[in-house]
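*Asks:* Per the numbering used here, the sequence shown starts with residue 12, numbered consecutively.
Note that CB positions come from ideal geometry on N, CA and C, so glycine has one too.
Remember, predicted model here, so these are calculated numbers, not experimental data.
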Amino acid sequence: MTHRSYPQIFTVIIFVSIFLFLQIPAFAHRMLIRPIEPGLIQVVFDDDTVAKGAQVTLYDEGEEQLVQGNSDGEGFFKYDSKLPVALAVADDRIGHRATWQPDQEIKEELPKLPVAVLTLSVFIFVAAFFHLRNTKGRTCS
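1) Using beta-carbon positions only, say whether Ala97 and Glu72 come within less than 7 Å of one another.
2) How would you write the range of the beta strand (DSSP E) that Phe95 sits in, first residue to last?
3) For chain B, check one thing: does any of its Cβ atoms lie closer than 7 Å to the Cβ of Asp57?
4) Just to check my reading of the structure: Pro46 and Ser92 have Cβ atoms closer than 8 Å, yes? What is that Cβ distance to the nearest angstrom?
5) In the DSSP output, what is Leu43 paired with across the bridge?
6) Provide the residue span of the alpha helix (DSSP H) that contains Val61, from first to last.
7) Residues in the same chain with beta-carbon distance under 6 Å from Trp111, minus the five sequence neighbours each way, listed in chain order, please.
8) Between the C-alpha atoms of Phe21 and Ala127, what's the straight-line distance to the nearest angstrom?
9) So who's on the other strand from Leu69, going by DSSP bridges?
In structure tokens:
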């Protein structure tokens with residue numbers, strides 16, 4: 012390894028660190044349907060802002076539409092709890108869509124920082140592997 016490659020590696024590490032720690036907030040977010048109680052769901056985004064006026068459609072097991080309407084100003088949608096709802100679909104008509112099945116348990120989202128660190132570690136490992144393989148090939152020939 013030459014003296015020139017150390018500054019290049021250091022520069023790459025600095026830029027990656029800057030991009031990781033000085034993140035610009037992304038405006039894209041996920042829409043969710045939260046069951047509140049039988050006959051009441053709430054449509055929200057993953058940052059807990061409500062999806063006002065989202066179109067909500069309820070389906071039965073045969074995928075027949077049961078009810079369609081819009082969420083209120085607080086993201087709530089009320090329906091008759093006696094309906095055999097098998098699927099709820101919410102659409103805010105600007106690209107976000109969420110589905111919910113009453114018989115499925117709600118999965119917690121993985122924390123973002125550990126996932127980002129793990130992903131970065133894998134990339135660094137792969138880069139180091141190929142870098143070492145490449146430098147060994149140069150010294151042997």
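*Replies:* Checking against the coordinates, here is how it stands:
1) For the purposes of this step, residue 97 is identified with residue 86 of the sequence shown, where counting begins at 1. For the purposes of this step, residue 72 is identified with residue 61 of the sequence shown, where counting begins at 1. It is a contact, given that the beta carbons lie within the stated cut-off.
2) Walking along the sequence shown from the start, residue 95 turns up at place 84. Per the sequence presented here, residue 95 reads as Pro, with Phe not at that position. It is not in any beta strand (DSSP E) - Pro95 carries neither H nor E in the DSSP assignment.
3) This model lacks chain B altogether; it includes just one protein chain.
4) Mapped onto the sequence shown, residue 46 falls at position 35. Mapped onto the sequence shown, residue 92 falls at position 81. At roughly 11 Å, the Cβ-Cβ gap does not stay under 8 Å, so Pro46 and Ser92 are not in contact.
5) The residue labelled residue 43 in the question sits at position 32 within the sequence shown. DSSP output for Leu43 lists Val55 as bridge partner(s).
6) On the sequence shown, position 50 is the one that residue 61 refers to. Segment: none, Val61 is in no alpha helix (DSSP H) and carries neither H nor E.
7) Residue mapping note: residue 111 aligns to position 100 of the sequence shown, counting from 1. Closer than 6 Å at the Cβ level, and outside the excluded window around Trp111, lie Ile44 and Ala99.
8) The sequence position of residue 21 within the sequence shown is 10, counting from 1. The sequence position of residue 127 within the sequence shown is 116, counting from 1. Phe21 and Ala127: Cα-Cα distance of roughly 20 Å.
9) For the purposes of this step, residue 69 is taken as the residue at position 58 of the sequence shown. DSSP lists Val78 and Ala99 as partners of Leu69.
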